[in-house]
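Peer 1: Have a look at this one.
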Amino acid sequence: MNHPYIRNDLIRIAKGILFKPEMAYAIRMGRKIQTRRLKDRYRVGDILYVKEPWTLFNGDSSITRSAWTTVNSSSPLFVPKWKNSLFMPKKYADQFIRVTKIKIEHIQDITCEDIHEEGVDCPSHPGFLCENCSFLRAAWIGLWKSINKEKGTTYQDNPVVYAYTFEVLKYT
Ligand SMILES: [Zn+2]
Numbered sequence: 118m119n120h121p122y123i124r125n126d127l128i129r130i131a132k133g134i135l136f137k138p139e140m141a142y143a144i145r146m147g148r149k150i151q152t153r154r155l156k157d158r159y160r161v162g163d164i165l166y167v168k169e170p171w172t173l174f175n176g177d178s179s180i181t182r183s184a185w186t187t188v189n190s191s192s193p194l195f196v197p198k199w200k201n202s203l204f205m206p207k208k209y210a211d212q213f214i215r216v217t218k219i220k221i222e223h224i225q226d227i228t229c230e231d232i233h234e235e236g237v238d239c240p241s242h243p244g245f246l247c248e249n250c251s252f253l254r255a256a257w258i259g260l261w262k263s264i265n266k267e268k269g270t271t272y273q274d275n276p277v278v279y280a281y282t283f284e285v286l287k288y289t
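Residues are numbered in the numbering used here as their position in the sequence shown, beginning at 1, plus a constant of 117.
Right, dumping it as structure tokens:
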């Protein structure tokens, strides 16, 4: 199947974006197409590579991306020896996304629909797109809290955020 993008071209132009491992996995599974950030860092049309846990097989020189992809998608999280997402070399990038929309809002403005698009599944209604659900919202708040702990950045502080919607790019 032909895809419009060539991996080497994507690697040349992409900027990195860091996700928590489970959120990088949610993107891989097609469950996540939004992310909220405190800083205005990206523009519509920007192509980004997902920084996620990574590892090498048989040493750097003999790694193949297909091996990396296969292992990464079959046993996604927390197998021993995954290396820190933060230091994932760009040349191993496997997931590329393109920013399609930016909303500027306060973090508490997030709707349940947005929370689902952030890749959060409701702990009380798993698999359902629940609306006005306090359990779903609590799960989202927990996720935000795990990343943003400093004064002025918490859900209760209700900071302005940049809500990016993105599409996952297919490539050859
Ligand atoms: Zn729910």
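Just so you know, even glycine gets a beta-carbon here, dropped at the ideal spot from N, CA and C.
1. In this structure, what does DSSP give as the bridge partners for residue 283?
2. In whole angstroms, what is the alpha-carbon distance linking residue 138 and residue 169?
3. For residue 217 and chain C, any beta-carbon pair shorter than 8 Å?
4. Is residue 151 helix, strand or coil when you go by DSSP?
5. Cα separation between residue 123 and residue 209?
6. Based on Cα-Cα distance, which residue from 202, 233 and 249 lies nearest to residue 282?
7. Report all residues from its chain with a CB closer than 8 Å to the CB of residue 223; omit the five preceding and five following residues, and keep chain order.
8. Report the rounded CA-to-CA distance for residue 129 versus residue 251, giving the unit in angstroms.
9. Name the DSSP beta bridge partners of residue 167, please?
10. Assuming residue 259 is part of the alpha helix (DSSP H), what are its boundary residues?
11. Roughly how many angstroms lie between the CA atoms of residue 162 and residue 244, to the nearest whole one?
12. Quick check: what's the CA-CA separation for residue 167 versus residue 217?
Peer 2: In this structure, then:
1. BP columns for residue 283 point to 216.
2. Rounded to the nearest angstrom, the gap between the Cα atoms of residue 138 and residue 169 is 6 Å.
3. Here chain C cannot be found, since the structure has a single protein chain.
4. DSSP places residue 151 in strand when its eight states are reduced to three.
5. C-alpha separation (whole angstroms): 14 Å.
6. It is 233.
7. Excluding residues within five positions, the ones whose Cβ falls inside 8 Å are 275, 276, 277 and 278.
8. Their backbone Cα atoms lie some 43 Å apart in a straight line.
9. Answer by DSSP bridge pairing, in chain order: 134.
10. That run of the alpha helix (DSSP H) goes 251-264.
11. Distance between the alpha carbons of residue 162 and residue 244: 30 Å.
12. The alpha-carbon separation between residue 167 and residue 217 amounts to approximately 16 Å.
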